[in-house]
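**Student:** Sequential numbering of the sequence shown, starting at 111, is according to our numbering.
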Amino acid sequence: MDYKIMARLPADMLFDFHHLSFFGITTGFGTTQGFSYALGYPAYEDGPKDNPKKRYHFQYHMAFELAFGLASEPEWGAGIRLHHRSGAYGLIAPPHTGSNFLGLFIQKSF
């Protein structure tokens, strides 16, 4: 088993609601919905309750992002993002499989 960071092939649809401005602070919300295939062993995911060490490469993926920036510096921003991979309540993989990760980011537009 390889316990390195997992590489994946996403096939997502992106919904982006950016550039709402309040008092000089820009805010944005985005979400992706779709499927994900882990190329390696998904070591950081939970397996089903009856076999916790079993992992599934193909799962449903969704992410939610909340971003902030300054209107005076529109190319820079920061935010928080939630990544979720799961078996979609048993539709793709058994229930209670997958992972949730919360991340912070800094972004620059070019």
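Just so it is clear, CB atoms sit at the ideal spot from N, CA and C, and this is done for glycine as well.
Report back the beta-carbon spacing between A173 and L192 to the nearest angstrom; my notes put them in contact at under 8 Å.
**Tutor:** 6 Å
**Student:** Do Y166 and G179 have their beta-carbon atoms positioned less than 9 Å apart in this structure?
**Tutor:** no
**Student:** Given a cut-off of 9 Å on the beta-carbon distance, is the pair F220 and E175 in contact?
**Tutor:** no
**Student:** Can you name, in chain order, every residue of its own chain whose Cβ lies under 8 Å from the Cβ of S182, other than the five neighbours on each side?
**Tutor:** G134
**Student:** What is the residue span of the beta strand (DSSP E) that I216 lies within?
**Tutor:** 208-218
**Student:** Return the chain-ordered list of same chain residues with a C-beta closer than 6 Å to the C-beta of S131, the five sequence neighbours on each side being excluded.
**Tutor:** A181
**Student:** Where do the N-terminal and C-terminal ends of the beta strand (DSSP E) with R165 fall, by residue?
**Tutor:** Run containing R165: none; DSSP gives neither H nor E here.
**Student:** For K163, which residues from the same chain have a beta carbon less than 6 Å from its beta carbon, with the 5 sequence-adjacent residues on both sides left out?
**Tutor:** G157
**Student:** May I have the straight-line CA-CA distance separating S209 from G197, to the nearest angstrom?
**Tutor:** 10 Å
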